[in-house]
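Remarks on the structure that follows.
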Amino acid sequence: MDGDCGVLWGKVSPWPLGTGDNGVPWGKLHPWLLGMGDNGVPRGQRGLMGKAKSPPFGDRGQQGPMRRTGSHENNGVPRGKVSPWPLGQGTAGSREDKGIRWGAASTGAHGPPGGWARRSLSAGPAGPRRPSPSPAEGAGRAAGEQRCWVYHCSRVAAMVKQYVSEVQRVTKVNVSVLGSWSNSKQEKEESLSEFLEDLGTIFSHEPWIQISKEGNSKFWSCSTLQKHSNNPKEEEIILVYYDQRKVMLSHLHPPLDTAASTDRKADDASKLSAIFDTVAKSKVLFMTDRYDDGPIKLTHWQSDGVEASIIVELLKQASVPACMLLTFLLSVISGICRSRVLKFWPLSFLWSKLSTCEQLGYRLQHLQVISSNKKAQNESQLMRKANIFVSLLIDVALGILLMSWLYRKNRIGHLADTLIPVADNVAEELQDLLQWLMGAPAGLKMNRALDQVLGRFFLYHIHLWISYIHLMSPFIEMILWYVGLSACLGLTMALCILSDIIALLTFHIYCFYVYGARLYCLKIYGLSSLWRLFRGKKWNVLRQRVDSCSYDLDQLFIGTLLFTILLFLLPTTALYYLVFTLLRLLVVIVQGLIHLLVDLIDSLPLYSIILRLCRSYRLAAGVKFRVLEQQDGKPLRLLMQINPLSYSSVVQTYRLPTYSCYPKDSWTSLCKKLFLGELIYPWKHKGEKQD
Amino acid sequence: WQKVLYERQPFPDNYVDQRFLEELRKNVHARRYRYRAVVFQSGAVVQQLCSVCVFVLTWWYMAAGALSPQGLFAAALASSLLGYVLFDAVDGGAGRWASGRTRWADLKSTLVFAAFTYGFSPVLKTLTESISTDTIYAMSALMLLGHLIFFDYGANAAIVSSTLSLNMAIFASVCLASRLPRSLHAFVMVTFAMQIFALWPMLQKKLKAQTPRCYVGVTVLFALAALAGLATVSSVGAVLFASLLLAISCLCPYCLIRLQLLKDNIHGPWDEAEIKEDLSRFL
Numbered sequence: 001m002d003g004d005c006g007v008l009w010g011k012v013s014p015w016p017l018g019t020g021d022n023g024v025p026w027g028k029l030h031p032w033l034l035g036m037g038d039n040g041v042p043r044g045q046r047g048l049m050g051k052a053k054s055p056p057f058g059d060r061g062q063q064g065p066m067r068r069t070g071s072h073e074n075n076g077v078p079r080g081k082v083s084p085w086p087l088g089q090g091t092a093g094s095r096e097d098k099g100i101r102w103g104a105a106s107t108g109a110h111g112p113p114g115g116w117a118r119r120s121l122s123a124g125p126a127g128p129r130r131p132s133p134s135p136a137e138g139a140g141r142a143a144g145e146q147r148c149w150v151y152h153c154s155r156v157a158a159m160v161k162q163y164v165s166e167v168q169r170v171t172k173v174n175v176s177v178l179g180s181w182s183n184s185k186q187e188k189e190e191s192l193s194e195f196l197e198d199l200g201t202i203f204s205h206e207p208w209i210q211i212s213k214e215g216n217s218k219f220w221s222c223s224t225l226q227k228h229s230n231n232p233k234e235e236e237i238i239l240v241y242y243d244q245r246k247v248m249l250s251h252l253h254p255p256l257d258t259a260a261s262t263d264r265k266a267d268d269a270s271k272l273s274a275i276f277d278t279v280a281k282s283k284v285l286f287m288t289d290r291y292d293d294g295p296i297k298l299t300h301w302q303s304d305g306v307e308a309s310i311i312v313e314l315l316k317q318a319s320v321p322a323c324m325l326l327t328f329l330l331s332v333i334s335g336i337c338r339s340r341v342l343k344f345w346p347l348s349f350l351w352s353k354l355s356t357c358e359q360l361g362y363r364l365q366h367l368q369v370i371s372s373n374k375k376a377q378n379e380s381q382l383m384r385k386a387n388i389f390v391s392l393l394i395d396v397a398l399g400i401l402l403m404s405w406l407y408r409k410n411r412i413g414h415l416a417d418t419l420i421p422v423a424d425n426v427a428e429e430l431q432d433l434l435q436w437l438m439g440a441p442a443g444l445k446m447n448r449a450l451d452q453v454l455g456r457f458f459l460y461h462i463h464l465w466i467s468y469i470h471l472m473s474p475f476i477e478m479i480l481w482y483v484g485l486s487a488c489l490g491l492t493m494a495l496c497i498l499s500d501i502i503a504l505l506t507f508h509i510y511c512f513y514v515y516g517a518r519l520y521c522l523k524i525y526g527l528s529s530l531w532r533l534f535r536g537k538k539w540n541v542l543r544q545r546v547d548s549c550s551y552d553l554d555q556l557f558i559g560t561l562l563f564t565i566l567l568f569l570l571p572t573t574a575l576y577y578l579v580f581t582l583l584r585l586l587v588v589i590v591q592g593l594i595h596l597l598v599d600l601i602d603s604l605p606l607y608s609i610i611l612r613l614c615r616s617y618r619l620a621a622g623v624k625f626r627v628l629e630q631q632d633g634k635p636l637r638l639l640m641q642i643n644p645l646s647y648s649s650v651v652q653t654y655r656l657p658t659y660s661c662y663p664k665d666s667w668t669s670l671c672k673k674l675f676l677g678e679l680i681y682p683w684k685h686k687g688e689k690q691d
Numbered sequence: 001w002q003k004v005l006y007e008r009q010p011f012p013d014n015y016v017d018q019r020f021l022e023e024l025r026k027n028v029h030a031r032r033y034r035y036r037a038v039v040f041q042s043g044a045v046v047q048q049l050c051s052v053c054v055f056v057l058t059w060w061y062m063a064a065g066a067l068s069p070q071g072l073f074a075a076a077l078a079s080s081l082l083g084y085v086l087f088d089a090v091d092g093g094a095g096r097w098a099s100g101r102t103r104w105a106d107l108k109s110t111l112v113f114a115a116f117t118y119g120f121s122p123v124l125k126t127l128t129e130s131i132s133t134d135t136i137y138a139m140s141a142l143m144l145l146g147h148l149i150f151f152d153y154g155a156n157a158a159i160v161s162s163t164l165s166l167n168m169a170i171f172a173s174v175c176l177a178s179r180l181p182r183s184l185h186a187f188v189m190v191t192f193a194m195q196i197f198a199l200w201p202m203l204q205k206k207l208k209a210q211t212p213r214c215y216v217g218v219t220v221l222f223a224l225a226a227l228a229g230l231a232t233v234s235s236v237g238a239v240l241f242a243s244l245l246l247a248i249s250c251l252c253p254y255c256l257i258r259l260q261l262l263k264d265n266i267h268g269p270w271d272e273a274e275i276k277e278d279l280s281r282f283l
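From first to last, the protein sequence lines stand for chains A and B.
In terms of UniProt numbering, the first sequence is residues 1 to 691.
In terms of UniProt numbering, the second sequence is residues 1 to 283.
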C-alpha cells in the first residue's frame with residue numbers, strides 16, 4: 001500500500017487517563033472511524049486504538065474488498081485501492097501521499113491507514129467532494145513547497161474542520177482532530193514531518209500525537225507533542241488493536257456489583273462502556289461499504305451503500321402486515337376476555353384458579369409485545385422481543401410434536417379408558433384408609449363416637465365422588481380429544497392443562513383436607529383460648545398480651561367443661577387432619593413440579609443462549625488484552641479481545657419475567673401453619689391477593 | 001469521728017465507735033399469734049379437705065351403685081336451695097345488695113349451666129373411654145391436689161388463684177364422671193362437684209365472716225360426716241384422715257407459734273432487699 005499520512009481524529013475524552021486494571025493505560029477510546037470514502041470501512045478490519053497517556057486516536061484504515069473476505073493480516077498492509085486525497089504534492093507518481101486523512105479508528109487494517117477518505121459520510125449528505133487530486137507538481141522541496149504547504153495546510157484545515165463538524169452532527173459524538181499519522185515506504189521526509197507539525201499548530205489539541213511507520217515493518221512509533229505542558233516528561237504510548245465490527249455489534253454488560261466495587265473499578269467500567277457506546281454510535285459510518293465487483297450474488301443487494309440479504313429484507317417487509325394482523329386479532333381476543341360476561345363471580349373465581357387461563361393470559365401478553373409496532377428502543381428490549389419470539393416458537397413446536405405423538409395410534413382412547421379405573425382405584429384406596437382410621441390406626445386410641453362420625457362423613461363423600469365419575473365416563477374420551485388439541489398452542493399450555501386435570505380429579509382430596517383443617521384449626525384455637533381461661537387469664541387484644549382476668553362462675557364452669565372435652569377429642573381430630581394434609585401435600589407437590597417446568601420453559605432466554613453459543617462477541621462482559629510482537633524502542637502493541645458473558649449471567653440478565661409461582665411461605669412458617677391448622681396455599685401467583 | 005468516708009479523718013476506714021449497731025431492731029414486724037385464732041383460721045383448710053373427701057366418697061358410692069343418681073340429685077338440690085336461702089339470710093341481704101346481682105341472674109346462670117351439662121353429658125360419658133383407668137385416677141388425684149394447693153384460704157399470697165383451683169376441681173370431676181355407668185350419672189356428678197367446690201366455699205366464707213360460732217360448729221359437723229363416710233369405705237383411711245385433720249387444726253398452729261419465737265429479722269437504717277416478684281406469672 002501506499003505510504004500515507006494523515007490526521008488522526010477521534011473523540012476527545014474529558015477524563016484523565018488512568019491505567020486500567022491490567023496496567024494498560026487507557027484513555028478514552030474511540031478511534032473511530034471516520035467517514036470514509038466510498039469504501040467505508042470494511043467490516044472485519046482490525047482497528048488501531050492507541051492510548052496511553054495520550055488521548056485515543058485512531059486511524060482509519062480502509063479497505064474495500066477486504067471486508068467481504070474478512071481477512072486481515074496481522075501486519076496489516078491494507079489492500080485495496082484508495083484514492084488519495086488531493087493534496088499537496090508529493091512526488092507525482094510516487095506512492096507516497098500525505099495530507100490529511102481521517103482515520104477511523106477501528107477499522108482499517110492494522111497498520112496504517114490505508115487510504116484517504118474521499119467522501120465524508122455516506123450516510124449523511126455527502127461531504128464536500130474533495131477536489132480531484134492534482135498532481136502536485138513539483139515544487140520540490142523548496143520554498144515553493146513551503147508555500148504550497150501553507151496553502152494546502154490552511155485549505156485542508158478548513159475542509160477537515162467542516163468534515164469533522166459533519167461527522168459530529170451525524171453521529172452525535174464529540175470529535176476533534178487529535179494528531180497525525182504517516183506511513184511511508186521510504187525514509188522519513190523532513191518536509192513531511194514539517195507539514196504534519198504545522199498541522200499541529202492549526203488544530204490545537206493537547207497533546208498532539210504523531211504516529212509513523214516506515215517501510216514494511218509492522219511496528220508503529222508514536223510521539224506526542226506537548227506544547228503547553230507543565231511537566232514535559234517522556235510519555236509511554238501503547239497501541240491497542242481491536243476488531244471494530246465485533247466491538248460495534250457487541251453489547252457491554254457491566255458487572256452487576258458495581259456498587260460494591262471501588263471507585264476506580266467503577267470508573268474503569270464506565271470508561272469501557274463509553275468506548276463500546278461510541279463505537280456503536282458510529283455504525284452509520286461503517287455502513288458505507290463498497291460492494292464487491294465480483295460475481296453477482298442472488299441473495300444480496302445493495303442499498304445506501306450497504307449490502308443486505310434479500311431474504312432478510314423480504315421478511316422485514318412481510319413482518320409489518322403480519323404484525324398488524326396479529327395486533328388486530330389480539331385486541332379482539334383481549335376485548336372478549338375483558339368483557340363483562342366473564343367477570344361474574346363464579347366464572348371469575350374459576351378463571352383465577354385455573355392455571356391454564358394464567359398461562360394463556362401470559363402468552364397473549366407476549367404476543368402483544370412481539371406484535372407491537374414500536375421498534376425496540378434499546379438493546380435489552382430487542383433481546384427481550386427476540387427471546388419471547390424464540391421461546392414461543394420452540395414452545396409451539398414442542399406442543400405440536402406432543403400432539404402428533406398423542407393422536408397417533410389412538411392413544412387418546414387408551415388414556416380415556418384407563419382414566420376411569422384409575423379414579424375408581426384411588427377412591428377405593430381412600431375408603432380403605434378411612435376404614436383403617438375408624439378402627440384403631442397404628443394402635444392409637446381414638447374416641448370411638450367421634451371417629452365413627454368423621455369416618456362416615458368422609459365415606460359418604462367418596463361415594464358421591466365415585467358416582468359422579470361414573471356419570472361422566474361416556475364423555476371422557478371426547479373431552480380429552482378436544483382438550484388435547486390445545487397442545488398446539490404450546491407445550492406449556494399442555495402442561496398447564498395437565499396440572500388442571502390433576503387438580504380436578506383430586507378435588508375430593510382437597511375437600512377432605514379443607515374439612516379436616518377447619519375442624520382442627522377450630523379445635524386448636526378453642527383449646528388455646530380455654531387454656532388461658534383455665535389459668536384465669538385472658539388475651540388482651542389491645543395490648544397484644546396475656547392478662548389476668550376474673551371470670552364469672554358460669555363462664556368458668558362452662559369453659560372448663562369445654563376445655564376438657566376438646567382436650568380429650570384432640571387426638572382423633574389431629575389424626576384425621578394429619579392424614580388428609582399429607583394427601584393434599586402430595587397432590588400439591590405434583591402440581592408444583594409441573595408448574596416449575598412450565599416456569600422454566602417460559603422464562604428461559606433461548607435466543608440469548610443461542611447467541612452466546614454462536615456469536616459470543618455480541619454479549620460482552622469485558623475485554624482482555626493480548627500482547628503482540630514487540631520491538632525495542634517502539635510502543636507496546638496489544639490486541640483487545642472481547643470477553644463474553646458467562647452462561648449463568650446470560651440467563652440471569654435476560655430472564656423473561658413470569659407470573660412466577662413460587663412458594664409463598666418459608667419452611668418455618670409453613671410448619672407453623674400446618675401445626676395450627678391454617679389452610680395452606682403453597683403456590684402463589686404474582687398479583688394474587690392473599691387470603 | 002464522723003460516720004462519713006468523704007473526709008479525711010485520723011481514724012482508719014473501718015473504725016466504728018460505741019454507737020455501733022444501736023439502731024438495730026429485731027423482729028419489728030413479727031406477728032404475735034394467738035393459738036385460738038390460728039385454730040379458728042385453720043378451719044378453712046379443714047373444710048376444703050373434707051369437701052374433697054366427701055366428693056370422692058360420693059363418686060365411690062355412685063360407681064359402686066350404692067347411691068342412685070336421682071337420690072343424689074334430689075339431696076343436692078335440696079341442700080342447694082337451703083344454702084341459697086341461708087346465704088342471703090346470714091347478712092340480711094347486705095351482700096347481695098352490694099354486689100348488685102339479682103335473683104333472676106342467678107336463675108339464668110343455673111339454667112344455662114344445667115342445660116349445658118345435661119346436653120354434653122353423653123359426650124362427657126365417652127370422653128375417656130380409650131384412656132386407661134390408672135391414668136384417670138392419677139390425673140384426678142393430681143388435679144384435686146392442685147385444687148387444694150391453689151385454693152384461696154384467705155391468705156394474701158402470690159400462689160393463690162381461685163380460678164385455677166376451681167377449674168382443676170371441675171377437670172377432676174369430669175375425669176371421674178366419665179368412669180360412671182351412664183350419662184345421667186355423669187350429669188349428676190358434675191353438678192354435685194360444682195355445688196361442693198364452688199357454692200359451698202362461698203357460703204362458708206360468709207358464715208365465717210358473720211357468725212364465727214356457727215362456722216365452727218358447721219366445720220366440726222362436716223368433718224365428722226366426712227370421717228363417718230370414709231369409715232364405711234375404709235377404716236384405715238378414716239384413721240389417717242382423722243389424724244390429718246387433727247394435725248392441721250391443732251398441731252400446725254402450735255408449731256407455728258413455737259417457730260415464731262425463733263424468728264430473727266433485723267431492721268436498721270440500711271436498705272433491705274425485698275422480693276417484689278409476682279409469682280402468679282408462673283401459673
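We put the CB at the ideal spot given by N, CA and C, even for glycine.
Residue state for Q544 of chain A is assigned as coil, using DSSP reduced to three classes. In this chain, the alpha helix (DSSP H) harbouring Q381 of chain A covers E379 to L406.
In the structure shown, A155 of chain B adopts coil according to DSSP, grouped into three states. Those residues of the stretch 161-188 of chain B placed with their C-beta closer than 7 Å to a C-beta in chain A are S161, T163, L164, L166, N167, I170, F171 and V174, ordered along the chain. Between the stretch 566-580 of chain A and the stretch 510-526 of chain A there are three or more C-beta pairs closer than 8 Å, enough to call the two in contact. Of all alpha-carbon atoms in A:S212, A:C222, A:K218 and A:L199, the one lying nearest the alpha-carbon of P635 of chain A is that of A:C222. When C-alpha distances from Y84 of chain B are compared across B:W1, B:Q204, B:I170 and B:R281, the shortest belongs to B:Q204.
An exposed status is given to R543 of chain A, since fewer than 16 other beta-carbon atoms sit within 10 Å of its beta-carbon. Judged by DSSP in its simplified three-state form, P657 of chain A adopts coil rather than helix or strand. With its beta carbon less than 7 Å from one in chain A, T126 of chain B belongs to the interface.
For M446 of chain A, the chain B residues whose C-beta falls within less than 9 Å of its own C-beta are S130, listed in chain order. Under the 8 Å Cβ criterion, the stretch 108-124 of chain B counts as touching the stretch 174-190 of chain B, having at least three qualifying pairs. The residue from B:L199, B:R281, B:K26 and B:K3 with its alpha-carbon nearest to that of A76 of chain B is B:L199. For H470 of chain A, the number of other beta carbons within 10 angstroms of its own is below 16, and it is reported as exposed.
By the neighbour-count criterion, in which 16 or more other beta carbons inside 10 Å mark a residue as buried, T163 of chain B falls on the buried side. Chain-ordered, the chain B residues with CB closer than 7 Å to the CB of G536 of chain A read S161, T163 and L164.
Using a CB distance below 8 Å, the part of the stretch 563-593 of chain A facing chain B consists of F563, T564, I565, F568 and L569, ordered along the chain. In this structure, the CA atom of Y137 of chain B is about 38 Å from the CA atom of Q210 of chain B. DSSP places P321 of chain A in no beta strand (DSSP E) but in the uninterrupted alpha helix (DSSP H) bounded by I310 to C337. Going by DSSP, L225 of chain A is part of the beta strand (DSSP E) stretching over S221 to L225. The Cβ neighbour count for C496 of chain A, taken over all protein chains shown within 10 Å, is at least 16; the residue is labelled buried. F557 of chain A belongs to the set of residues whose beta carbon lies under 7 Å from a beta carbon in chain B. Contact annotation for A449 of chain A against chain B: P122, V123, T126 and E129 [CB-CB distance below 9 Å, chain order].
Between V90 of chain B and K206 of chain B, the C-beta spacing is below 7 Å. When C-alpha distances from C614 of chain A are compared across A:L347, A:G592 and A:L645, the shortest belongs to A:L645.
Proximity to Q631 of chain A across A:L596, A:S217 and A:M324 peaks at A:S217, based on C-alpha coordinates. With contacts defined by Cβ atoms closer than 7 Å, L227 of chain B and A242 of chain B form a contacting pair. Taking a 10 Å sphere around the C-beta of I610 of chain A, we find fewer than 16 other C-beta atoms and assign the residue as exposed. When the beta-carbon positions are compared, L530 of chain A and F563 of chain A come within less than 7 Å of each other. Contacts with chain A (Cβ-Cβ distance below 7 Å) from the stretch 100-112 of chain B involve S109 and V112, listed in chain order. In the DSSP assignment, F241 of chain B falls within the alpha helix (DSSP H) that extends over S235 to L246.
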